[in-house]
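This report concerns only the one structure given below.
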Amino acid sequence: MHSCNTINNTYTNSSKQQVFFYEIAKRKRIALIAHDNKKPEILTWAKNHRKQLIKHDLYATSGTGTLLSTELDLKITKFNGGPFGGDLQVGAKIADHLMDMVIFIIDPFTPQPHDVDIKALQRITMAWNIPAAFDVATADFIFSSPYMERKYTRKVILPIL
1 MHSCNTINNT
11 YTNSSKQQVF
21 FYEIAKRKRI
31 ALIAHDNKKP
41 EILTWAKNHR
51 KQLIKHDLYA
61 TSGTGTLLST
71 ELDLKITKFN
81 GGPFGGDLQV
91 GAKIADHLMD
101 MVIFIIDPFT
111 PQPHDVDIKA
121 LQRITMAWNI
131 PAAFDVATAD
141 FIFSSPYMER
151 KYTRKVILPI
161 L
């Protein structure tokens, strides 16, 4: 496992915001999550991207991780299931700079008992400028990016509270 490097130190811009630069390594730490009705979609997507996925450190909530590791023989570190805090565990890794990307295939038509956790995860990906896909098309675009094969420096701008 690798840690995230903060580079160029932090500074405060003219809008009284803190600006940070974080380097995402060539080998990325990727969270994979799918709602129950979307598990077939993430499985198909992961099959199509397996050659890329094996080059990275993979994490998933329990159900998604079990499905992908069993069906595709992928090494995946598993968190709790989403309704049992798994989404929050992914968010905590982001806040601690230990997650580089999130692929979360969301079912927009089925109410989720942990909807507030899902919203919190979406918010933390935006706050820390983490690449995140919440549907297969966006996941395809992210995985077709040349940045998947090299380092990337992400800029994070946070308000001074």
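UniProt numbering applies: residue 1 is where the sequence shown begins, and numbers increase by one. Glycine residues also receive a C-beta, built at the ideal position from the N, C-alpha and C atoms.
How about residue i and residue j: are their beta carbons less than 8 Å apart?
i, j, result
"M101", "V90", "no"
"H35", "Q122", "no"
"A137", "I103", "no"
"R150", "K55", "no"
Leaving out five residues before and five after residue i in sequence, what residues of the same chain have Cβ atoms less than 6 Å from its Cβ?
i, result
"S144", "none"
"M1", "Here M1 scores only 40 on pLDDT, less than 50, and its place in the model is too uncertain to base an answer on."
"D117", "D87 and L88"
"T77", "Y59"
Quick one: give me the first and last residue of the alpha helix (DSSP H) that residue i is part of.
i, result
"K155", "Per DSSP, K155 belongs to no alpha helix (DSSP H); it is in the beta strand (DSSP E), Y152 to P159."
"M126", "D115 to A127"
"A46", "K39 to N48"
"D87", "G86 to A95"
Would you decide whether residue i is buried or exposed? Buried here means 16 or more other CB atoms lie within 10 Å of its CB.
i, result
"L161", "exposed"
"I109", "A quick correction: the sequence has Phe, not Ile, at residue 109. Its Cβ having fewer than 16 others within 10 Å, F109 is exposed."
"I124", "buried"
"K93", "buried"
"L68", "buried"
"L32", "buried"
"K38", "buried"
Kindly indicate which residue of the options has the alpha-carbon position closest to the one of residue i.
i, options, result
"D57", "K119, E23, E71 and I30", "I30"
"K51", "D73, T64 and N37", "D73"
"N129", "K55, K38, S14 and K155", "K155"
"I106", "F84, A132 and M126", "A132"
"F141", "W45, S69, Q18 and S14", "W45"
"A95", "A127, K55, S62 and F104", "A127"
"L43", "K26, K55 and T66", "T66"
"F79", "T70, T64 and E71", "T64"
"F84", "K28, I54 and D115", "D115"
"S62", "G82, L53 and K47", "G82"
"H97", "Q17, K16 and K28", "K28"
"M148", "E71, F134, S15 and H49", "H49"
Tell me which same chain residues have a C-beta within less than 8 Å of the C-beta of residue i, skipping the five on either side of it?
i, result
"T153", "I7, F21, Y22, E23 and I24"
"F134", "F104, I105, I106 and Q122"
The beta strand (DSSP E) spanning residue i covers which residue range?
i, result
"E23", "Q17 to I24"
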